[in-house]
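Comments concern the structure below.
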Ligand SMILES: Nc1nc2c(c(=O)[nH]1)N[C@H]1C(S)=C(S)[C@@H](COP(=O)(O)OP(=O)(O)OC[C@H]3O[C@@H](n4cnc5c(=O)[nH]c(N)nc54)[C@H](O)[C@@H]3O)O[C@H]1N2
Ligand SMILES: Nc1nc2c(c(=O)[nH]1)N[C@H]1C(S)=C(S)[C@@H](COP(=O)(O)OP(=O)(O)OC[C@H]3O[C@@H](n4cnc5c(=O)[nH]c(N)nc54)[C@H](O)[C@@H]3O)O[C@H]1N2
Ligand SMILES: [Mo]
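Residue numbers (this note's numbering): 46 to 757.
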């Protein structure tokens, strides 16, 4: 008996104590990570979690956020039942209703809007969570609306578009075979724990690192041989200045340029204006440092560029900055060669797993023929060219203005107004709708604006398909029953499709039918995957062979690496430039430099937070108890601001208050805020029209601001 007690106390599974070990995954962050988790379950409750050693991605490790997964599942404010609004929009008064009643109301209201204004007047939107997206996408199309959109309007897709405009395919750095790694905004230590383990190994192997980041970070400390502490939003100027120096010094790969690239002459002519003095002035860097970095990068190849999906592109010139950066690969002949940048086809949710799935066909098969009419697509034509979804940065405007046509209803899955610039404007828009339904795990401030709120469940309470790099696939099983009356998003959508009698038999067959459709060419089945506790190898998976893509002709109009992008040239009349031009951005909101002298950078990642969700957990919150604004120590001294003082950060869009954290890690002139806090929302400060004309991405990481000390 005592032995059983000991085992129970230690949470070790045995037949006698009823503790079971079940395997699943943590999907708190990007699909590329989704770490394997061992869940210890007793009486239908998770009592402990840890990383799965045998998992091919995380090898037993979990990050701070994942380790708090049990607290996330059992957050006290989990939604329990479907809810119907009884108070004013935003007030938060609701009454519980049955699923049947909820579905009927949603059906009636969505059909009413469709009948009155047309199907496109219903927008379907997904927040950060991705696993149900193809299903939601097809649902939107089968309902008849072109308007499916996601948080990708601010995340990752601008960089993917830049790659597509240049070579036709997304690419990844082959860091293991590089001598030099040029890290633009590289700090995996906070945003990607699997990447940081890999980076430390590379450092041990003797690779040289150049890191370009306005802050001092764990990456600049542990990895950087050269740290360029750049002025935010000026990476494009740096990349063009680098190109100029490379050409001047004859360090470029002329044979590669001749054979495999297009538009070099025009590009080379353009970069001449970015001489060392000019580049140093724009970027705030020292000339000697730039020179040393360029020499190291260009003369010690192979070299790869490791960058992040958002820090370079969260600027109103972000797309072109990103293009300027990737053009360095063509200039130095590092594209599609070992140790350089390797083009990789996505298998599923941007994961290059090495095998093919019919991911996009699943929804494209039923796409309405009005793609260019999707929200934001006229305003951002390049986005429209490359993307199958609406550009959500124009959503609040279109709802409020009703042009070019009205949007009167929104189906939101994890919709969070606080991820959008000018959150207040999004609230106003939601308030003005005829109908808004939001599906979430929690009663968020956004859900308070909904007419109907539906309770979703976590990854611990559902099964889902997952593709992993290295040729792996997995299909998880739930480790516990969905809490309360919650359901998985795909179950909700399937049941709603049935109630609405949507004329789409494949959709109405449900999620497994979706996955079966997508994996139809593979020899593994859902049953095979479910039968395995760990991800399994897909026999059809094959490794990328460097050089193959280039030999077959790249996916561009010229078949070459395009310094001059023919795809972008289609939109020259709308003011887009086919070569990676640089533009200063701080003045485009009309804030005077004297009144707003600081540069506002919002949303660098915290290891113990992910957007809006994890700030609310006791464990992760204890690591950073309250929102604080980071500013340079000397700037703070001049402003009379000390650690812990209450300050107000102001822009023309709004103001917020929080405590100050003066720090030597911050560049002079910068003000750094983390996003996702309920009590101090960074996006109250960002203008909704402060967007990049190429991608539509917002300038989250460079606008002007003012910071002053205030009393309580
Ligand atoms: N200022 C500023 N703003 C930013 C950024 C920045 O750097 N600075 N970053 C941008 C980027 S890159 C991103 S990706 C976005 C992310 O922004 P969001 O999309 O807001 O991300 P989250 O807060 O993670 O999730 C949104 C909601 O989804 C809910 N949710 C979680 N899991 C599920 C589920 O399985 N089903 C359903 N239905 N709901 C679920 C959560 O409870 C939460 O309310 O923020 C963007 N906004
Ligand atoms: N823990 C945690 N991990 C996450 C997330 C999270 O919320 N929390 N979010 C996930 C998501 S959705 C995303 S999109 C990724 C984002 O992943 P990352 O882009 O890696 O995340 P950040 O920490 O925002 O940015 C990295 C660095 O960019 C620097 N930076 C800011 N502005 C600039 C600039 O203009 N130029 C340069 N060169 N550097 C700049 C910052 O100082 C920061 O140190 O992280 C993912 N991982
Ligand atoms: Mo993101």
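Where a beta carbon is used, it is the ideal one built from N, C-alpha and C, also for glycine.
Computed from a prediction, not measured in an experiment: that's the story for all the values here.
Bridge partner(s) assigned by DSSP for residue i
i, result
"residue 501", "532"
"residue 396", "393"
"residue 748", "645"
"residue 124", "Partner(s): none; residue 124 has no beta bridge."
"residue 272", "256"
"residue 229", "257 and 352"
"residue 702", "693"
"residue 717", "646 and 675"
"residue 318", "DSSP, once it has assigned bridges, lists no residue as partnering residue 318."
"residue 70", "81"
"residue 413", "Answer is none; residue 413 lacks a bridge partner."
"residue 99", "BP columns for residue 99 are empty, so no partner."
"residue 140", "129"
"residue 169", "193 and 456"
"residue 365", "Answer is none; residue 365 lacks a bridge partner."
"residue 93", "85"
"residue 711", "260"
Supposed close pair residue i, residue j - CB separation, criterion 8 Å
i, j, result
"residue 680", "residue 713", "6 Å"
"residue 657", "residue 461", "5 Å"
"residue 750", "residue 694", "6 Å"
"residue 537", "residue 643", "Contact doesn't hold; Cβ gap of about 44 Å is too wide."
"residue 608", "residue 312", "4 Å"
"residue 675", "residue 708", "5 Å"
"residue 519", "residue 580", "4 Å"
Distance CB(residue i)-CB(residue j) smaller than 8 Å
i, j, result
"residue 192", "residue 347", "no"
"residue 199", "residue 178", "no"
"residue 308", "residue 601", "no"
"residue 271", "residue 231", "no"
"residue 123", "residue 528", "yes"
"residue 116", "residue 664", "yes"
"residue 278", "residue 335", "no"
"residue 467", "residue 731", "yes"
"residue 152", "residue 411", "no"
"residue 140", "residue 157", "no"
"residue 398", "residue 516", "yes"
"residue 282", "residue 319", "yes"
"residue 758", "residue 64", "No information on residue 758 is available, as it lies outside the stretch 46 to 757 that the chain covers here."
"residue 261", "residue 575", "no"
"residue 375", "residue 448", "no"
Among the options, the one whose alpha carbon lies nearest that of residue i
i, options, result
"residue 511", "677, 85, 102 and 642", "102"
"residue 525", "130, 95, 100 and 119", "119"
"residue 728", "373, 641 and 359", "359"
"residue 426", "613, 581 and 726", "613"
"residue 121", "673, 417, 344 and 661", "661"
"residue 738", "617, 153, 266 and 470", "617"
"residue 567", "587, 384 and 375", "587"
"residue 160", "734, 136 and 190", "190"
"residue 647", "581, 721 and 597", "721"
"residue 523", "83, 628, 57 and 692", "83"
"residue 201", "748, 757 and 742", "742"
"residue 450", "710, 472 and 168", "168"
"residue 45", "111, 606, 54 and 480", "Nothing can be reported for residue 45, as the shown portion of the chain is limited to 46 through 757."
"residue 154", "545, 433, 692 and 361", "545"
"residue 67", "89, 228, 73 and 483", "89"
"residue 521", "60, 72, 52 and 59", "72"
Span of the beta strand (DSSP E) around residue i
i, result
"residue 677", "673-677"
"residue 83", "81-87"
"residue 27", "With the chain covering 46 to 757 only, the question about residue 27 has no answer from this structure."
"residue 194", "193-195"
"residue 454", "454-458"
"residue 560", "Not the beta strand (DSSP E): residue 560 falls in the alpha helix (DSSP H), residues 556-563."
"residue 388", "386-388"
Bounding residues of the alpha helix (DSSP H) (the contiguous stretch that carries residue i)
i, result
"residue 207", "202-211"
"residue 608", "Run containing residue 608: none; DSSP gives neither H nor E here."
"residue 17", "For the chain, the structure presents residues 46 to 757; residue 17 sits outside this window and is missing."
"residue 293", "280-293"
"residue 114", "114-118"
"residue 637", "Neither: residue 637 is in no alpha helix (DSSP H) and is coded neither H nor E."
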